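Note that our numbering gives residue 205 to position 202 of the sequence shown, counting from 1, and the numbers run on in steps of one.
These notes are about the structure you will find just below.
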Amino acid sequence: TKISVRDCSIAVMRGGAGRPLVILHGASGAGSWLSYMADLALRHDVIVPEHPGFGGSDTPGWLDTIPDLANFYLDFLDRLDLNDVDLVGFSLGGWIAAELAARNTRRLASLTLVAAAGIHVKGVEQVDPFLLGDEQRILAMFHDPSRAKEMAEHLLRPELEDINLKNRATTAKLVWQPRGYDPHLRKWLHRIDVPTLLLWGDHDRLIPKDHALAYHRLIPGSKVAIIDDCGHLPQVEKPQAFVAAPAGFLAGMWAAA
Numbered sequence: 004t005k006i007s008v009r010d011c012s013i014a015v016m017r018g019g020a021g022r023p024l025v026i027l028h029g030a031s032g033a034g035s036w037l038s039y040m041a042d043l044a045l046r047h048d049v050i051v052p053e054h055p056g057f058g059g060s061d062t063p064g065w066l067d068t069i070p071d072l073a074n075f076y077l078d079f080l081d082r083l084d085l086n087d088v089d090l091v092g093f094s095l096g097g098w099i100a101a102e103l104a105a106r107n108t109r110r111l112a113s114l115t116l117v118a119a120a121g122i123h124v125k126g127v128e129q130v131d132p133f134l135l136g137d138e139q140r141i142l143a144m145f146h147d148p149s150r151a152k153e154m155a156e157h158l159l160r161p162e163l164e165d166i167n168l169k170n171r172a173t174t175a176k177l178v179w180q181p182r183g184y185d186p187h188l189r190k191w192l193h194r195i196d197v198p199t200l201l202l203w204g205d206h207d208r209l210i211p212k213d214h215a216l217a218y219h220r221l222i223p224g225s226k227v228a229i230i231d232d233c234g235h236l237p238q239v240e241k242p243q244a245f246v247a248a249p250a251g252f253l254a255g256m257w258a259a260a
């Protein structure tokens, strides 16, 4: 499905029924409807937009920064008139989600940041994906090399080459300098006033779990969940544990409401 927001046409996947759950994807793009999305759709109206500049979506002239995307998605929520949204962001998408929530949580019920970029933690070593080849970059995202091989075969198919190049170019434009974070974001994370879950793999080398603890200190009342034996993509490497973590978080949140 295509939806036009502020004269920018974006691709959107949608399925399931229940409270709206919006997923903001990482730098590799939205891809296809994956198993974890289907599991979440058993309880939610799952909505997966593809960011402007990625995949099948337009690349608008106004797109320069991650805050541009955060403001775009505030317009997106308005355009679909979504309320009580459970917002989930992965990596780059987690950064967008954090920027969005720091601006305005009016339409949000909760926020889940999964291996989110966006803040810098001094002294923590990180793998720089721009210094790696395609296969090396995918390998760095996983704790289990066999899962990395499966993902490489899926992502590096010849028919996806143009989309992969588009996604990489847009990502580079958005995060190149400073690399992978907004130096101003941490000043405003205290404004996030919805229940927040910080979900990380314990062996994440791209954005190590130290970032979860840093976000935890900056977002009032946030909770941290670490998935064992897992790298940067818990939704792919440990899908059952991934789905269980936000499901428990959301169930507890609504039971307390």
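C-beta: ideal position from N, C-alpha, C; glycine also.
Small disclaimer: the values here were computed from a predicted structure and weren't measured.
Item: Which residue comes first and which comes last in the alpha helix (DSSP H) that contains ARG140?; Value: 137-143
Item: According to DSSP, is LYS125 part of a helix, a strand, or is it coil?; Value: coil
Item: Please list the segments of the beta strand (DSSP E) lying wholly inside the region 64-116, counting only runs of 3 or more residues, in order along the chain.; Value: 88-93
Item: Would you mind working out which of PHE79, GLY32, ASP67, LEU80 sits nearest GLY59, comparing C-alpha positions?; Value: GLY32
Item: Leaving out five residues before and five after LEU80 in sequence, what residues of the same chain have Cβ atoms less than 6 Å from its Cβ?; Value: ARG110
Item: For PRO223, which three-state DSSP category applies?; Value: coil
Item: Following the continuous alpha helix (DSSP H) through ARG150, name the residue where it begins and the one where it ends.; Value: 148-158
Item: Output the distance between the C-alpha atoms of LEU83 and ALA244, rounded to the nearest integer angstrom.; Value: 30 Å
Item: Pull up the DSSP beta-bridge partners for ILE13, would you.; Value: ILE6
Item: Which runs of the beta strand (DSSP E), 3 residues or longer, sit entirely within the region 159-240?; Value: 199-204, 226-230
Item: On the three-state DSSP scale, how would you describe ASP48?; Value: strand
Item: Drop a sphere of 10 angstroms on the beta-carbon of LYS190, count the other beta-carbons inside from all chains shown, and report buried for 16 or more, exposed for fewer.; Value: exposed
Item: Just reading off the alpha helix (DSSP H) that LEU43 is part of, what are its end residues?; Value: 38-43
Item: Just to confirm before moving on: does the CB-CB distance between LEU24 and ASP89 stay below 8 Å?; Value: yes
Item: Indicate the three-state DSSP secondary structure (helix, strand or coil) for VAL246 in the structure shown.; Value: helix
Item: By the three-class DSSP mapping on this structure, what secondary structure does PRO23 have?; Value: strand
Item: Which residues in the same chain as LEU221 place their Cβ atom closer than 8 Å to its Cβ, once the five residues preceding and following it in sequence are excluded?; Value: ILE122, ARG189, LEU192, HIS193
Item: Assign GLY251 to one of three DSSP states: helix, strand, or coil.; Value: helix
Item: Could you give the distance in angstroms between the alpha-carbon of THR68 and the alpha-carbon of PRO132?; Value: 19 Å
Item: I'd like to confirm the pairing. Which residues does DSSP put opposite GLY18 in its beta bridges?; Value: VAL49
Item: Less than 8 Å separating the beta-carbons of GLU102 and ASP185?; Value: yes
Item: From ILE50 to ARG17, what does the alpha carbon distance come to, in whole angstroms?; Value: 5 Å
Item: Since I believe VAL8 is in contact with ASP78 (beta carbons under 8 Å), could you give me their beta-carbon distance rounded to a whole number of angstroms?; Value: 5 Å
Item: Whole angstroms is fine: what's the gap from ASP165's alpha carbon to MET256's?; Value: 42 Å
Item: Based on Cα-Cα distance, which residue from PHE75, VAL227, LYS152 lies nearest to ASP137?; Value: LYS152
Item: Drop a sphere of 10 angstroms on the beta-carbon of HIS187, count the other beta-carbons inside from all chains shown, and report buried for 16 or more, exposed for fewer.; Value: exposed
Item: Report all residues from its chain with a CB closer than 7 Å to the CB of LEU253; omit the five preceding and five following residues, and keep chain order.; Value: ASP89, SER113
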